[in-house]
Structures are given as structure tokens and as C-alpha cells.
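Here's the structure we're looking at; comments come further down.
Residue numbers (the numbering used here): 779 to 1133.
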């Protein structure tokens, strides 16, 4: 039995406290729950990143179509920790007309087919992403002025094969020195080689190798890489420099990575010019992949025991046994020395990490 009188109208007693007409100001930080769900951007257009300049990205849309155009974009906030590099295929929203003063926004990156990277040195775990979606690397080296560096080329080859990129090689300034001794270092490799002199630049032969491909150009400063790019793409306008006669070093004339379209009678391709470098660290590369860059040695190494390090003191190493038996020619011995130097660098790095 309730102590309340069922005939009492309690609501009438509290009419003066009715707050239904009150409008409370919402807390701006708590009026909507945070969510990790992002807009789908189903209307986004996909384009190619041609270059990056101070936080602005040049993107080509509708490549090859009548309304092909280059627009300026920035990255969306959710991509601020994601590297966007030349060669990336990106999803773009906003004003994509390409008109002066317009700015679109990159909201996503399509899956990459390859990613070329380097580190400052072999012990640096921080990767420097150079270019995305390239399928070829053209290594440019001079026969003289500056002197060629075989082991730097070895590092380019390792980085290329680790990224799944086909390497090519062009030797410039062959009018200054015979490139044969340098090229002997790469005998036995599946490597297409071009030679170039001041008055005999094989632009047609190199150009045919570029058609249908996205090719990243790499090389030591001062080897003539920018000169070659300007010959292949006359509208490129890449700055060229000279080699210091005292130090033998070239100037860094290209300061940014940029994609340039190459065209000839057989088709089109993409030339990706990169700044010249004096070192190419491989701290990001898995040491197990390095041997793949030395094709002729990899075949011999198949007879090595499981877990062989291929270092100079490795027991029962088939490579060392072949060298001691005289089964390797001079070029292969030089390649073995280069391989062991690279592997020793990684071994020393691992030993330092274990201490």
C-alpha cells in the first residue's frame, strides 16, 4: 500500500521548476565524440606526383588525356606523418581545375609498386625515401673528372635490386679516359651499359630504353647527370655545374627530385632526376638481399652451407673456396671483395647493436 495519495497531482506542485525551455550551451570539446573514421573521398581523382617544393606538390591529372593538367596540392592533415614523394600516385580532392591560385588536397596514396630508399650511412636506420613506383634506375658515372667509384655503383645496384628495380649504367666523359678498366668490374652482371662522350652522347639508344618505363637517374655529383637529362628532355632546364679541380668533387646542381616526361618516335616514358650524392647508405637494406646484386657470385654461393655469412673468415664458404682455387677471374675477385666489404659493414653494425 502506497503512502502517496493517488488523487494528488504531483506534477502540478513542481510546475514552477519546469526547465524544458532552458537551452544549455554545449561544451565545444565534448559535444561530439571523436572518431577515427575518415571521409571516403569517393570523388577523389588519381594523379602522379611530379615534384615537391616547400610543402606543395605538383600533381599531373588525366595523364595522356586531352584535359591533362598539372595542379598544385597540399597534403591532408591525416597524412602529415606519411612521406609523399615524386612518382607517387595520389588521390586528390578539392579544386582540381589547375587554375591560377587554386590549391587541391592529397587525401591518400595508392599502393606503391616500388620504393627506392637510402640512409645517410650504413649504421643509420632512418630511411630517406627517394622515389616511388620507378621500375628502372639509370646509374650515371664519369670515366674521369671525377674518377669513377666502383663501390658506390655497387651500392646503387644493391639498393635497386632490393627495391625490385632494374639497373642500367651510363659512363660519361669517355673522351677523357678509357672506361674499359672500370667496366671490367661489372663483367658477368646482367647490366645494360651505355657510353657517352662530349660529342657522342647516345641519346637515341638511352631514350629507347626509357620508353614505357619510369626511370630514376642517380649519380655522384659532377658526373654529367643533369647534362644528360637536359639532352634527353630539352625543356628540363636542369642546372649544370663543374668539378672542383682541387678536391675532385662536383657541385650539387640539382637540389630536388623531379619527374620529366621523355618522348621520342617510339613512345613516352618518365625521367626522374635526383640530386647528386657522394654517399649512399644501405642501413635500411636486409643483408640477405645484398648477394642478389652480385649475380655471378650468387650462383656460386648456392653451394655455401646454410647461414653462411660469406665474409672473409666464413668456414666452408663456396665463394672463398672458389677464389682460393683460382676459379674466379680478376673482375669476379674484385666483385667478391666489394661484396665482403658491404657484408662486413652490416656485421660490424650488428655487433655494435648487440653490445
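Where is the CB? At the ideal position from N, CA and C, for every residue including glycine.
query                                                                                                                                                                                                 : result
Name the one or two DSSP bridge partners that residue 879 has.                                                                                                                                        : Partner(s): none; residue 879 has no beta bridge.
Does the beta-carbon of residue 941 have 16 or more other beta-carbons within 10 angstroms, so that it is buried, or is it exposed?                                                                   : buried
Please state whether DSSP places residue 741 in a helix, a strand or coil.                                                                                                                            : Lying outside 779 to 1133, the shown extent of the chain, residue 741 is not represented and no answer is given.
Can you give the Cα-Cα distance for residue 1124 and residue 817, rounded to whole angstroms?                                                                                                         : 44 angstroms
Name the DSSP bridge partner or partners of residue 1041?                                                                                                                                             : 1046
Quick one: Cα of residue 882 to Cα of residue 845, how far?                                                                                                                                           : 17 angstroms
Give every residue of the same chain whose Cβ lies closer than 8 angstroms to the Cβ of residue 1045, excluding the five residues on either side of it in the sequence, and list them in chain order. : 989, 990
I'd like to know whether the C-beta atoms of residue 1049 and residue 973 end up nearer to each other than 8 angstroms.                                                                               : no
Tell me where the beta strand (DSSP E) around residue 914 begins and ends.                                                                                                                            : 914–920
Does DSSP put residue 823 in a helix, a strand or coil?                                                                                                                                               : strand
Counting pairs of Cβ atoms below 8 angstroms between the region 885–892 and the region 914–926, do you hit three or more?                                                                             : no
Evaluate contact between the region 1064–1072 and the region 927–947, counting only Cβ atoms and requiring at least three cross-stretch pairs below 8 angstroms.                                      : yes
Could you tell me the distance, in whole angstroms, from the CA atom of residue 975 to the CA atom of residue 859?                                                                                    : 44 angstroms
Roughly how many angstroms lie between the CA atoms of residue 1021 and residue 916, to the nearest whole one?                                                                                        : Reliability of the predicted coordinates at residue 1021 is poor, the pLDDT of 47 falling under 50, and no value is obtained from them.
Opposite residue 975 in the DSSP bridges: which residues?                                                                                                                                             : 978
Does the distance from the C-beta atom of residue 864 to that of residue 918 stay below 8 angstroms?                                                                                                  : no
What does the alpha-carbon distance come out to for the pair residue 888 and residue 957?                                                                                                             : 41 angstroms
Is the beta carbon of residue 897 sitting closer than 8 angstroms to the one on residue 1060?                                                                                                         : yes
Pull up the DSSP beta-bridge partners for residue 869, would you.                                                                                                                                     : 824, 886
Taking the alpha-carbon of residue 1119 as reference, which of 1088, 983, 820 has the nearest alpha-carbon?                                                                                           : 1088
Given a cut-off of 8 angstroms on the beta-carbon distance, is the pair residue 913 and residue 944 in contact?                                                                                       : yes
Starting from residue 937, follow the beta strand (DSSP E) in both directions and report where the run begins and ends.                                                                               : Taken as a continuous stretch (DSSP letters only), residue 937 belongs to no beta strand (DSSP E), being part of the alpha helix (DSSP H) at 928–940.
Only counting the same chain, and skipping five residues up and downstream in sequence, which positions put a Cβ closer than 7 angstroms to that of residue 1024?                                     : A caution first: residue 1024 carries a pLDDT of 37, below 50, which makes its placement in the model unreliable, though a value can still be read off. Nothing meets the Cβ criterion.
Just to confirm my understanding: we take residue 905, look at its own chain, exclude 5 residues before and 5 after, and list those with CB closer than 7 angstroms. What are they?                   : 895, 897, 1062
If you reduce the DSSP assignment to three classes, tell me which class residue 855 lands in.                                                                                                         : helix
What residue does the beta strand (DSSP E) around residue 1065 start on, and which one ends it?                                                                                                       : No beta strand (DSSP E) contains residue 1065, which DSSP labels as neither H nor E.
Can you give me the C-alpha to C-alpha distance between residue 758 and residue 1004, rounded to a whole angstrom?                                                                                    : Residue 758 lies beyond the residue range present for the chain, which begins at 779 and ends at 1133; the question has no answer from this structure.
Anyone know if the C-beta pair for residue 1114 and residue 1075 falls short of 8 angstroms?                                                                                                          : yes
Cβ of residue 997 within 8 angstroms of Cβ of residue 1054?                                                                                                                                           : yes
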